[in-house]
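These notes concern the structure reproduced below.
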Amino acid sequence: KQEVTQIPAALSVPEGENLVLNCSFTDSAIYNLQWFRQDPGKGLTSLLLIQSSQREQTSGRLNASLDKSSGRSTLYIAASQPGDSATYLCAVNPNSGGYQKVTFGTGTKLQVIP
Amino acid sequence: DTEVTQTPKHLVMGMTNKKSLKCEQHMGHRAMYWYKQKAKKPPELMFVYSYEKLSINESVPSRFSPECPNSSLLNLHLHALQPEDSALYLCASSLRQGGNYGYTFGSGTRLTVV
Chain A
1 KQEVTQIPAA LSVPEGENLV LNCSFTDSAI YNLQWFRQDP GKGLTSLLLI
51 QSSQREQTSG RLNASLDKSS GRSTLYIAAS QPGDSATYLC AVNPNSGGYQ
101 KVTFGTGTKL QVIP
Chain B
115 DTEVTQTPKH LVMGMTNKKS LKCEQHMGHR AMYWYKQKAK KPPELMFVYS
165 YEKLSINESV PSRFSPECPN SSLLNLHLHA LQPEDSALYL CASSLRQGGN
215 YGYTFGSGTR LTVV
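Chains A and B, in that order, are what the protein sequence lines are.
Mapped onto this note's numbering, the consecutive letters of the first sequence carry residue numbers 1 to 114.
Mapped onto this note's numbering, the consecutive letters of the second sequence carry residue numbers 115 to 228.
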């Protein structure tokens, strides 16, 4: 059974700092991995999708990397802003012949202090 | 249109009420999903529809009844709910079942059962 862990569970940083969020998964047989942000009481907003054949994806100040063999993905946020404050979730999509549901990580709650 | 739209945003219902949640997308996605999310927890899969047919039911109580009238619309009918059913209900869609190109989530319906 796939297990997905995100460390740290919570993070508080001053504005302008570069930061890294971690996502670890136990089964490397994945199809892709997707990073989301969630504001309190709101839905999930997709940030980046990395296919298993890719090593990284970039969008603006965000960069996500994937190392399947070690079961890790990182989300790098450059020059953090108070608007980046949210909970960040990674979601691992398994690679299988039949449908298997996505496994979400435990989440990292980020607070960027002005 | 790259959005999944959910209505209503908030819903308060009594345990004897019947209500429905609605989800709509116009991205041509042929798989749609219902998730339930409790506070500080990752989303939990409830139902999956693929090409308007129910594909997965994650052993959800019958007081939750999904319906997919067409390829753009997904409903969740609620009846005789319990206070513990209070949660954020999220709808998601993907091009095909399995999320090979990622998932798009709606902004959610905050449900309170009194």
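C-beta: ideal position from N, C-alpha, C; glycine also.
Of all Cβ atoms in chain A, is any one closer than 9 Å to the Cβ of residue i?
i: B:Arg177; result: no
i: B:Ser173; result: no
i: B:Arg224; result: yes
i: B:Val228; result: no
i: B:Ala206; result: yes
For residue i, which three-state DSSP category applies?
i: B:Asp199; result: helix
i: B:Pro156; result: coil
i: A:Pro40; result: coil
i: A:Pro117; result: This structure does not reach residue 117 of chain A, given that chain A is present from 1 up to 114, and the question cannot be answered.
Pull up the distance between the alpha-carbon of residue i and that of residue j, whole angstroms please.
i: B:Leu159; j: A:Pro14; result: 35 Å
i: B:His193; j: A:Tyr99; result: 29 Å
Taking its Cβ as the centre, do 16 or more other Cβ atoms sit within 10 Å of residue i, making it buried, or is it exposed?
i: A:Val136; result: Here chain A has residues from 1 to 114 only, and residue 136 of chain A is not among them.
i: B:His191; result: exposed
i: A:Pro82; result: exposed
i: A:Ala86; result: buried
Can you confirm whether residue i, when its beta carbon is compared against all beta carbons of chain B, has any partner nearer than 9 Å?
i: A:Ala91; result: yes
i: A:Val112; result: no
i: A:Gly107; result: yes
i: A:Thr5; result: no
i: A:Tyr88; result: no
Are the segment 137–151 of chain B and the segment 202–218 of chain B touching, with three or more C-beta to C-beta distances below 8 Å?
Yes: the two stretches touch, three or more of their Cβ pairs being nearer than 8 Å.
With contact counted as at least three CB pairs below 8 Å, one residue from each stretch, are the segment 15–28 of chain A and the segment 127–139 of chain B in contact?
No: the two stretches stay apart, fewer than three of their Cβ pairs being nearer than 8 Å.
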